[in-house]
Amino acid sequence: MENGEMKTQKNEILLGIAEDLRKKNLDTQALLQAIQDDIISHSQNMRHPYVAENILESRFTPPEEAYKKGMTSCGAMANIGSFMLRSLGHEVKLIHGSIPTSKDHAWLKVKEGEVWKEYDLTNGGNLPREGRIIKNECSSWEEIRNVIEAEHGVNVHED
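Numbering (the UniProt record's numbering), first residue to last: 1 to 159.
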């Protein structure tokens, strides 16, 4: 089995959910809300959803694994949401930043037409108007892994 085939099989659950949402022909805002509702509902229906122990688990657990474990940390939800949105053809950026209630927070930017709109899957879609700081924007957390590790005192390995 080729690497691309394994990746597709590995993400079958999320691709199926995304396809079901595509059939509903939702606008972007309703689609984001449906994704958020699905992630939270799935987690709440689990006997023991997994809680990320640190930011590295939150950000770097693959989307399908995070979904299967019922993870609802901001980084996990941003990962899951971005994967589903991209599979439906949306342009998405992951945001690593902070909000007044958390020095580390993750949310999405989704392109609607020519405008990028921010959406927070962990806070009902809402971001505080004041006090939020965007530290980095990326397509994948791997692009800024060294930044996140350095912020949290993790030994950064040079290649």
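We treat Cβ as the ideally placed atom computed from N, Cα and C, and that holds for glycine.
Inter-residue CB distance, residue i and residue j (contact presumed, cutoff 8 Å)
| i | j | result |
| --- | --- | --- |
| H90 | V110 | 6 Å |
| S82 | S58 | Actually they are not in contact, since the Cβ atoms of S82 and S58 sit about 14 Å apart, beyond 8 Å. |
Close-in-space but distant-in-sequence residues of the same chain around residue i (CB under 7 Å, 5 per side omitted)
| i | result |
| --- | --- |
| A66 | A76, N79, I80 |
| P100 | P128, G131 |
| H48 | none |
| G70 | H42, S43, M46, P49, Y50 |
| K103 | none |
| D120 | W107, N126, L127 |
| L26 | A34 |
| H105 | C74, G97, S98, I99 |
| K10 | E64 |
Residue span of the alpha helix (DSSP H) that contains residue i, given as start and end
| i | result |
| --- | --- |
| G16 | 12 to 23 |
| H42 | 28 to 44 |
Other residues of its chain near residue i: CB distance less than 6 Å, five sequence neighbours each side excluded
| i | result |
| --- | --- |
| residue 162 | Absent from the model: residue 162. The displayed extent of the chain is 1 to 159, so no value can be given. |
| K7 | Residue placement at K7 is flagged as unreliable, the pLDDT there being 48, under the threshold of 50; a coordinate-derived value is accordingly withheld. |
| K135 | H96, G97 |
| C138 | L94, I144 |
| D37 | none |
| G4 | Only weak support exists for where G4 lies, its pLDDT of 46 falling under 50; the value from the coordinates is given anyway. So no residue of the chain qualifies. |
| S140 | none |
| M1 | Unreliable placement is indicated for M1, whose pLDDT of 39 sits below 50; the coordinate value is still reported in the next sentence. If we look at M1 and ignore the five residues flanking it on each side, it has no Cβ neighbours. |
| S15 | Here residue 15 turns out to be Leu, not Ser, going by the sequence shown. Hits under 6 Å: S87. |
Element boundaries [beta strand (DSSP E), containing residue i]
| i | result |
| --- | --- |
| N146 | Run containing N146: none in the beta strand (DSSP E); it sits in the alpha helix (DSSP H), 145 to 151. |
| N136 | 133 to 138 |
Other residues of its chain near residue i: CB distance less than 8 Å, five sequence neighbours each side excluded
| i | result |
| --- | --- |
| R22 | L88 |
| I13 | E64, Y67, K68 |
| E53 | none |
| E158 | Bear in mind that the predicted position of E158 carries a pLDDT of just 47, short of 50, making it unreliable; the figure below should be weighed with that in mind. Hits under 8 Å: none found. |
For this session: Would you mind listing the alpha helix (DSSP H) stretches within the UniProt domain "Transglutaminase-like" (29 to 120) that are 4+ residues and don't spill past its ends, in chain order?
Result: The qualifying runs are 55 to 60, 63 to 69, 74 to 87.
Exercise. Looking at C-beta atoms only, is the number of pairs between the stretch 21 to 34 and the stretch 42 to 49 that lie closer than 8 Å three or more?
Worked result: Because the criterion of three Cβ pairs below 8 Å is not met, the stretch 21 to 34 and the stretch 42 to 49 do not touch.
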